[in-house]
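**Q**
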Amino acid sequence: MNDLKKPALSLQQKFQSWWQTHLRCLMASLGQLMQSPASTILTVAVIGIALALPAGLSLALNNLAHMTGAMDTTNTISLYLKKELTDEQVSQLQKKLETNAQIHETVFISSDQALKEYGQTSGQGDLIELLGDNPLPAVFQLTPDKDQSPEQLDLLTAQLSKLAEVDQVQFDRQWSRRLHSILQLLNKFSTVLSILLILSVLLIIGNTIRVGIQSRIQEIQISRLFGATRAFIRRPFLYSGLLYGLFGGILASLLLLISYSMLAEPFQQLISNYQLVSPSQAGSFTKYCLLTIFGGAFLGVISSWIAVSLYQKDLENSEFT
Amino acid sequence: MIRFSEVTKLYPGQGEALKSLSLYIPPEQMVFVTGHSGAGKSTLLRLIALMENHTRGQILIDGINIQKVPEKHRYYLRRQIGFIFQDHRLLNDRTVFDNVALPLVIAGYDHKDIPRRVHAALDKVGLLQKEKKRPLALSSGEQQRVGIARAVVNRPPILLADEPTGNLDPKLSIEIMRLFEEFNSIGVTVVIATHEVEMAKALKHRIIALKDGRQINFGAELPNE
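Chains A and B, in that order, give the protein sequences. So the first sequence is numbered by the working numbering: it starts at 66 and just counts up by one. So the second sequence is numbered by the working numbering: it starts at 1449 and just counts up by one.
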């Protein structure tokens, strides 16, 4: 009976014992979850929905931001020239525009060319011929450099409108700006919603773990009596939290996948109708799914850690019953 | 070695369960703590087992002042003590094997080593054939023996038993006491709280009699401190 201490273990045996302990604990936690399938499914469903909402909203907003960013870069500034300009003056202006660092591309459309194009696209070529005089001005279509901020683009437009050769500048970004503002608002809303939903996930898992602790109070006290460390007592609950979060994350990803499948076709239609740039959906989607799954698992561990720590403190301050 | 010096345990609202109790239990001794209900027997055992904190005085276990050991480090001391409850306190959702294996799993024994030790403990209490059963499928006496196997499986130097025969018939009680004597014979300090004074006297071991939280049988049987 004097052989009190454990037999000395080699490093490999210690690692093996550690690994076995954790594997056993994981399997036991999985078993605990399986023991009450209805309650586990309900909890996982609530976590899954709570995770899917911010993830889906964030994914949608990210894609919208991507699209509007692409729209800004595809916008062109139209410079309508005064009718009395000579070819020489137009040529000088073109050179000036081409050397402007803020302008990526300059395309000149003469008044004759504009009339011809209008006749072709409108199908009213015969009617235009009756006019005799060409009412359309020559136009420079400028593509701004893509690194320009909205403020820089406003400044560029103002500068161009002051040019003596220019009659009118058209750069309609109003609706794009409004969309930007709406997106900014939605982003803030999404952040607040995400924080609230993440807090709710923390509370759901934390409360589930708390109930689990209460139902295993005798096991905890017996374990403490036989010399269990804090880590030993905490471990099964951390694994339970991890599993709840992981399963919730997987469910959230499935919900995202289903939503994506349902929305993909009308979304593509919208893009083609408005000649918008399609966001790189596939890569972004996978990233969001992985983030949701691992984020869920992380939240599960954190919330159960908090629940166990709060309870463990109470347990250690109280006495055995 | 267990030493109590002027130990008082006060339960708020209930009064003092132990009153300036001083005693010494040397290593490898078998001791009965007797007394009526409320005499302080269970409190004495719970203080040794670090299940509760005393209010005043000093408790030394193996020379360690337990009051100075913070909660997070008490696990090591607890592993040196086996505890047997009157109501067994077995985990009913686990098998007999898993119940007995618990202290070994807690202490981090190699998983290959655990079955051998559990089987040895179950063999000792005569329940090797029932390792796969759940505690509720066993009789009260068998459950008590599972509790004993769990308490001794990691070979602690101190074994505490709180009314271990309280729910058992006299024949089974004697069997259980013989088991404790066997453990004591191989060097385990055994402290048994019981209200069955006659049985304790019959077994001819040291008796610490308590009444109202105080020892009342000072005399020849109290060893030198």
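Every residue gets a Cβ at the ideal spot worked out from N, C-alpha and C, and that includes glycine. What you are looking at is a predicted structure, and each value in this text was computed from that prediction instead of being measured.
Closer than 9 Å, Cβ to any Cβ of chain A: which residues of the segment 1511-1531 of chain B, in chain order?
**A** The segment 1511-1531 of chain B vs chain A, Cβ under 9 Å: Glu1519, Lys1520, Arg1522, Tyr1523, Tyr1524, Leu1525, Arg1526, Arg1527, Gln1528, Ile1529, Gly1530, Phe1531.
**Q** Given a cut-off of 8 Å on the beta-carbon distance, is the pair serine 326 of chain A and glycine 121 of chain A in contact?
**A** On the first sequence, residue 326 of chain A is found 261 positions in, with the first residue counted as 1. On the first sequence, residue 121 of chain A is found 56 positions in, with the first residue counted as 1. No, these two residues do not count as a Cβ contact at 8 Å.
**Q** In the structure shown, what three-state DSSP assignment does valine 1636 of chain B receive?
**A** In the second sequence, the residue the question calls residue 1636 of chain B occupies position 188. DSSP places valine 1636 of chain B in coil when its eight states are reduced to three.
**Q** In the DSSP assignment, find the alpha helix (DSSP H) that holds glycine 1530 of chain B and state where it starts and stops.
**A** Here the question's residue 1530 of chain B lines up with position 82 in the second sequence. Glycine 1530 of chain B -> not in any alpha helix (DSSP H); beta strand (DSSP E) instead, spanning 1529-1532.
**Q** By alpha-carbon positions, which one of A:Gln283, A:Cys354, A:Phe254, A:Leu228 ends up nearest to leucine 162 of chain A?
**A** Taking the first residue of the first sequence as 1, we reach residue 162 of chain A at position 97. Considering only alpha carbons, the answer is A:Leu228.
**Q** Listing by chain order, which chain A residues have their CB less than 8 Å from the CB of aspartate 1571 of chain B?
**A** Here the question's residue 1571 of chain B lines up with position 123 in the second sequence. Correct list: empty, because the minimum Cβ distance to chain A is about 16 Å.
**Q** Quick check: is the beta carbon of phenylalanine 302 of chain A nearer than 8 Å to any beta carbon in chain B?
**A** On the first sequence, position 237 is the one that residue 302 of chain A refers to. So no, phenylalanine 302 of chain A is outside the interface.
**Q** Output needed in chain order: residues of the segment 1489-1505 of chain B with a Cβ under 8 Å from some Cβ in chain A.
**A** The segment 1489-1505 of chain B vs chain A, Cβ under 8 Å: Arg1494, Ala1497, Met1499, Glu1500, Asn1501.
**Q** Any idea if glutamate 1669 of chain B is buried or exposed, counting beta-carbon neighbours within 10 angstroms, 16 or more meaning buried?
**A** On the second sequence, residue 1669 of chain B is found 221 positions in, with the first residue counted as 1. Per-residue confidence for glutamate 1669 of chain B stands at a pLDDT of 48, beneath the threshold of 50, marking its modelled position as unreliable; the derived number appears in the next sentence. With fewer than 16 Cβ atoms within 10 Å of its Cβ, glutamate 1669 of chain B is classed as exposed.
**Q** Who are the near neighbours of leucine 316 of chain A in its chain, counting only those whose CB is closer than 7 Å to its CB and skipping five residues on each side?
**A** Here residue 316 of chain A is taken as the residue at index 251 of the first sequence, counted from 1. Cβ within range, chain order: Val109, Ala110, Gly113.
**Q** In the DSSP assignment, what are the bridge partners of aspartate 1610 of chain B?
**A** Indexing the second sequence from 1 puts residue 1610 of chain B at position 162. For aspartate 1610 of chain B, which the question treats as bridged, DSSP gives the partners B:Ala1641.
**Q** Kindly indicate if chain B contains any beta-carbon less than 8 Å away from that of asparagine 67 of chain A.
**A** On the first sequence, position 2 is the one that residue 67 of chain A refers to. Reliability of the predicted coordinates at asparagine 67 of chain A is poor, the pLDDT of 40 falling under 50, and the value obtained from them is presented with this limitation in mind. It does; some Cβ of chain B falls within 8 Å.
**Q** Is there a C-beta anywhere in chain B that falls below 8 Å from the one on isoleucine 287 of chain A?
**A** Here residue 287 of chain A is taken as the residue at index 222 of the first sequence, counted from 1. Interface residue, yes.
**Q** Listed from N- to C-terminal order along the chain, which residues in the segment 87-100 of chain A have their beta-carbon within a distance smaller than 9 Å of any beta-carbon of chain B?
**A** Flagged, chain order: Arg89, Gln100.
**Q** Spatial neighbours of arginine 1451 of chain B within its chain, please: CB distance less than 6 Å, with the 5 preceding and 5 following residues excluded, ordered by chain position.
**A** Reading the second sequence from its first residue, position 3 is the one you call residue 1451 of chain B. Around arginine 1451 of chain B: Tyr1472, Leu1508.
**Q** Assuming contact is defined by CB atoms lying nearer than 8 Å, are valine 1479 of chain B and isoleucine 1634 of chain B in contact in what I supplied?
**A** Taking the second sequence and counting its residues from 1, one reaches residue 1479 of chain B at position 31. Taking the second sequence and counting its residues from 1, one reaches residue 1634 of chain B at position 186. Contact flag unset, no.
**Q** Return the residue from the list B:Lys1659, B:Gly1661, B:Asn1665, B:Leu1469 that minimises the CA-CA distance to lysine 1649 of chain B.
**A** Your numbering for residue 1649 of chain B matches position 201 in the second sequence. Measuring from the Cα of lysine 1649 of chain B, the nearest candidate turns out to be B:Asn1665.
**Q** In three-state terms, what does DSSP make of aspartate 1541 of chain B?
**A** In the second sequence, residue 1541 of chain B corresponds to position 93, counting from 1. In this structure, aspartate 1541 of chain B counts as coil in the three-state DSSP scheme.
**Q** Comparing the C-beta of serine 214 of chain A with each C-beta of chain B, is any distance below 8 Å?
**A** Indexing the first sequence from 1 puts residue 214 of chain A at position 149. With 8 Å as the cut-off, serine 214 of chain A does not count as an interface residue toward chain B.
**Q** For chain A, check one thing: does any of its Cβ atoms lie closer than 8 Å to the Cβ of histidine 1559 of chain B?
**A** If you number the second sequence from 1, residue 1559 of chain B lands on position 111. Closer than 8 Å to some Cβ of chain A, the Cβ of histidine 1559 of chain B qualifies, so yes.
**Q** Please state whether DSSP places arginine 295 of chain A in a helix, a strand or coil.
**A** In the first sequence, residue 295 of chain A corresponds to position 230, counting from 1. Three-state result, arginine 295 of chain A: helix.
**Q** What does a CB cutoff of less than 6 Å around aspartate 152 of chain A pick up in its chain, not counting 5 residues either side in sequence?
**A** Residue 152 of chain A sits at position 87 when you count from the first residue of the first sequence. Closer than 6 Å at the Cβ level, and outside the excluded window around aspartate 152 of chain A, lies no residue.
**Q** Taking 8 Å as the threshold (beta carbon to beta carbon), is proline 1551 of chain B in contact with chain A?
**A** Numbered from its first residue, the second sequence carries residue 1551 of chain B at position 103. Yes, proline 1551 of chain B counts as interfacial toward chain A.
**Q** Please confirm whether phenylalanine 1531 of chain B and leucine 1608 of chain B have their CB atoms less than 8 Å apart.
**A** The count along the second sequence starts at 1 and reaches residue 1531 of chain B at position 83. The count along the second sequence starts at 1 and reaches residue 1608 of chain B at position 160. Cβ distance < 8 Å, so phenylalanine 1531 of chain B and leucine 1608 of chain B count as in contact.
**Q** For glycine 1463 of chain B, name the three-state secondary structure that DSSP assigns.
**A** Taking the first residue of the second sequence as position 1, residue 1463 of chain B is located at position 15. Of the three classes helix, strand and coil, the one that applies to glycine 1463 of chain B here is strand, per DSSP.
**Q** Please confirm whether isoleucine 1473 of chain B has its beta-carbon closer than 8 Å to some beta-carbon of chain A.
**A** The residue given as residue 1473 of chain B occupies position 25 in the second sequence. No, isoleucine 1473 of chain B does not count as interfacial toward chain A.
**Q** May I ask you to report which of helix, strand or coil DSSP gives leucine 150 of chain A?
**A** Looking up residue 150 of chain A in the first sequence gives position 85. Leucine 150 of chain A falls in the coil class under three-state DSSP.
**Q** Measure the C-alpha to C-alpha separation of proline 1474 of chain B and valine 1636 of chain B and round it to an integer number of angstroms.
**A** Within the second sequence, the letter at position 26 stands for residue 1474 of chain B. Within the second sequence, the letter at position 188 stands for residue 1636 of chain B. For proline 1474 of chain B and valine 1636 of chain B, the distance between alpha carbons rounds to 11 Å.
**Q** Hey, how far is the Cα of serine 1587 of chain B from the Cα of isoleucine 358 of chain A?
**A** Translated into positions along the second sequence, residue 1587 of chain B becomes position 139. Translated into positions along the first sequence, residue 358 of chain A becomes position 293. Whole-angstrom Cα-Cα distance: 48 Å.
**Q** Going along the chain, which residues of its own chain have a beta-carbon closer than 6 Å to the beta-carbon of asparagine 67 of chain A, five neighbours each way excluded?
**A** Numbered from its first residue, the first sequence carries residue 67 of chain A at position 2. Note that asparagine 67 of chain A has pLDDT 40, beneath the 50 cutoff, so the model's placement of it is unreliable and the number below is only indicative. Same-chain partners within the cutoff: there are none.
**Q** Under 8 Å, Cβ to Cβ, is there at least one residue of chain A near glycine 1556 of chain B?
**A** Here residue 1556 of chain B refers to the residue found at position 108 of the second sequence. Yes - at least one Cβ of chain A is within 8 Å of the one on glycine 1556 of chain B.
**Q** Could you tell me if phenylalanine 254 of chain A is buried or exposed, where buried requires 16 or more neighbouring beta carbons within 10 angstroms of its beta carbon?
**A** Within the first sequence, numbered from 1, the residue matching residue 254 of chain A stands at position 189. Phenylalanine 254 of chain A comes out exposed.
**Q** Beta-carbon within less than 6 Å of asparagine 1632 of chain B's beta-carbon, same chain only, minus the 5 sequence neighbours each way: which residues are those?
**A** Start at 1 with the first residue of the second sequence, and residue 1632 of chain B comes out as number 184. Met1478, Val1638.
**Q** How far does the alpha helix (DSSP H) with methionine 1478 of chain B in it extend, from its first residue to its last?
**A** Walking along the second sequence from the start, residue 1478 of chain B turns up at place 30. Methionine 1478 of chain B -> not in any alpha helix (DSSP H); beta strand (DSSP E) instead, spanning 1478-1482.
**Q** Look at the alpha carbon of methionine 1499 of chain B and the alpha carbon of asparagine 1513 of chain B, and state the distance between them as a whole number of angstroms.
**A** What you label residue 1499 of chain B is simply residue 51 of the second sequence in a count that begins at 1. What you label residue 1513 of chain B is simply residue 65 of the second sequence in a count that begins at 1. Answer to the nearest angstrom: the Cα atoms are 15 Å apart.
**Q** Report the start-end ranges of each alpha helix (DSSP H) in the segment 1544-1621 of chain B that is 4 residues or longer and not cut off at the edges.
**A** Runs found: 1544-1554, 1562-1572, 1588-1600.
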